């Protein structure tokens, strides 16, 4: 039967790939298991008396057991949620999925209430700001995560497990950089430099961020770096605004809808094609003006 073929295909896959949180193999396994469950439920719902139904075909609870053990696998929850037939047992009185994964119904109910209360609090009183964390503590947390996060250590990356802190910059080093660049550096950046003069490649949870330069190595863009200079200064949601016709990232449309370019900026960190820049306040003000234009457009 189709169900048996789907189930057998999943069983024959290398488990290290079929149960991973990413990759095509895990996605295929997720799709096959959801399809097998869907077909099995549909067959039972048809109330057929076909005596030829093979006993070797996995029962619903067996399929649910496999699915329940790999809910973190790539797209498993997505494919399961897309099955109309699966919802008939996910919501039934037997709570099969909850039993398969060993979910405590009372704890789940209490957690759901906490989520509802949090949403209600958010709607009534606005965003709850996290407690302020000193800059040194933030940097220490970043270093600890880089040294201990399993994803950072996976694959034996040479960047993992290394010290990120550098000796602090002296006031004379910071003053010399400001004189060389002919600019007053931001106070929070100077506070960072007094803790560590540069910072190693920190793990972000997905990849390693570019290391930050020592203050003596930060620099303005050179005139021939026109690729960087002409980049649009992106913002969250900027692409969506462009798609809706609010903004012209290419600069070919109405002047009031053209988006500010990066222009001159100070490079404070880089690695390969990834860069970290300080953008002058005047340029940030241009972006703020564009946002005010969008918000006041009335559409």
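Numbering (full-length UniProt numbering), first residue to last: 1 to 299. Where is the CB? At the ideal position from N, CA and C, for every residue including glycine. Here the structure is a predicted model, which means the values were calculated and not measured.
The segment 103-115 in contact with the segment 163-173 per 3-pair CB rule at 8 Å = Touching, no, given that fewer than three Cβ pairs across the two stretches are closer than 8 Å.
Bridge partner(s) assigned by DSSP for residue 261 | Paired residues: 232.
Can you give me the Cβ contacts of residue 23 inside the same chain, cut-off strictly under 7 Å, excluding the 5 residues immediately before and after it?
-> Contacts found: 17, 74.
Collapsed DSSP secondary structure at residue 51 in the structure displayed = Confidence at residue 51 is low in this model, with a pLDDT of 46, below 50, so the placement of that residue is unreliable and no value is reported for it.
Output the distance between the C-alpha atoms of residue 10 and residue 203, rounded to the nearest integer angstrom.
-> Residue 10 and residue 203 have their C-alpha atoms roughly 33 Å apart.
Is residue 221 helix, strand or coil when you go by DSSP?
-> Note: residue 221 maps to coil in three-state DSSP.
Hey, residue 86 and residue 37: beta-carbon distance below 8 Å or not?
-> Yes. Within cutoff.
Where residue 295 and residue 261 are concerned, what is the direct C-alpha to C-alpha distance, given to the nearest angstrom?
-> Cα atoms of residue 295 and residue 261: separation of roughly 20 Å, rounded to the nearest angstrom.
Give the secondary structure of residue 274 by DSSP, where H, G and I count as helix, E and B as strand, and everything else as coil.
-> Residue state, collapsed to three classes: strand.
Just reading off the alpha helix (DSSP H) that residue 44 is part of, what are its end residues?
-> It spans 24-45 - the alpha helix (DSSP H) in which residue 44 sits, taken as one unbroken run.
For the alpha helix (DSSP H) holding residue 165, just list the boundary residues, first then last.
-> It is not in any alpha helix (DSSP H) - residue 165 carries neither H nor E in the DSSP assignment.
Option in 177, 230, 142, 26 with minimal Cα separation from residue 205 = Minimum Cα distance to residue 205 is reached at 142.
Whole-angstrom Cβ separation of residue 63 and residue 33, contact assumed at under 8 Å?
-> By a beta-carbon distance limit of 8 Å, residue 63 contacts residue 33. Their separation comes to about 6 Å.
Residues that residue 7 bridges to, as DSSP identifies them | Its beta-bridge partners do not exist; DSSP assigns none.
Quick one: is residue 268 buried, meaning 16 or more other Cβ sit within 10 Å of its Cβ, or exposed?
-> The residue in question, residue 268, is buried, as its Cβ has 16 or more Cβ neighbours within 10 Å.
Counting only the same chain and skipping the five closest in sequence on each side, list residues whose C-beta sits under 6 Å from that of residue 101.
-> Within its own chain, the residues whose Cβ lies closer than 6 Å to the Cβ of residue 101, once the five positions on either side in sequence are excluded, are 68, listed in chain order.
Could you spell out the range, first to last residue, of the alpha helix (DSSP H) harbouring residue 120?
-> Residues 105-125.
Cβ of residue 186 versus every heavy atom of the ligand GDP: is any distance shorter than 7 Å?
-> Of ligands this structure carries none, so the ligand GDP is not represented either.
Cut-off 7 Å between Cβ atoms - residues of its own chain near residue 41, not counting five sequence neighbours on either side = Counting only Cβ-Cβ distances below 7 Å, and skipping sequence neighbours, we find 60, 85, 86, 88, 89.
Do residue 139 and residue 195 come within 8 Å of each other at the CB atom, strictly closer than that value?
-> Yes; because the gap between Cβ atoms is below 8 Å, this pair is in contact.
Beta-carbon spacing of residue 263, residue 291 below 8 Å | No; because the gap between Cβ atoms is not below 8 Å, this pair is not in contact.
For residue 209, which of helix, strand or coil comes out of DSSP?
-> Residue 209: coil per DSSP, three-state reduction.
From this set, 43, 207, 281, 83, which residue's C-alpha is nearest residue 326's C-alpha?
-> Lying outside 1 to 299, the shown extent of the chain, residue 326 is not represented and no answer is given.
For residue 58, collect the residues of the same chain with a Cβ closer than 6 Å to its Cβ; drop the 5 residues on either side in sequence, then sort them by chain order.
-> Excluding five sequence positions before and after residue 58, the CB atoms of its chain that fall closer than 6 Å to its own CB belong to 7, given in chain order.
Could you give the distance in angstroms between the alpha-carbon of residue 221 and the alpha-carbon of residue 153?
-> Inter-residue distance for residue 221 and residue 153 is about 34 Å (C-alpha atoms, whole angstroms).
Between 192, 272, 277, 233, which lies nearest to residue 285 when the distance is taken from Cα to Cα?
-> Of the residues 192, 272, 277, 233, the one whose Cα lies closest to the Cα of residue 285 is 233.
Alpha helix (DSSP H) containing residue 281: first to last residue?
-> Annotation: the continuous alpha helix (DSSP H) that includes residue 281 extends over 281-295.
Could you give the distance in angstroms between the alpha-carbon of residue 120 and the alpha-carbon of residue 259?
-> When rounded, the distance between both Cα atoms is 37 Å.
With residue 185 as the anchor, note down where its alpha helix (DSSP H) starts and where it stops.
-> No alpha helix (DSSP H) contains residue 185, which DSSP labels as neither H nor E.
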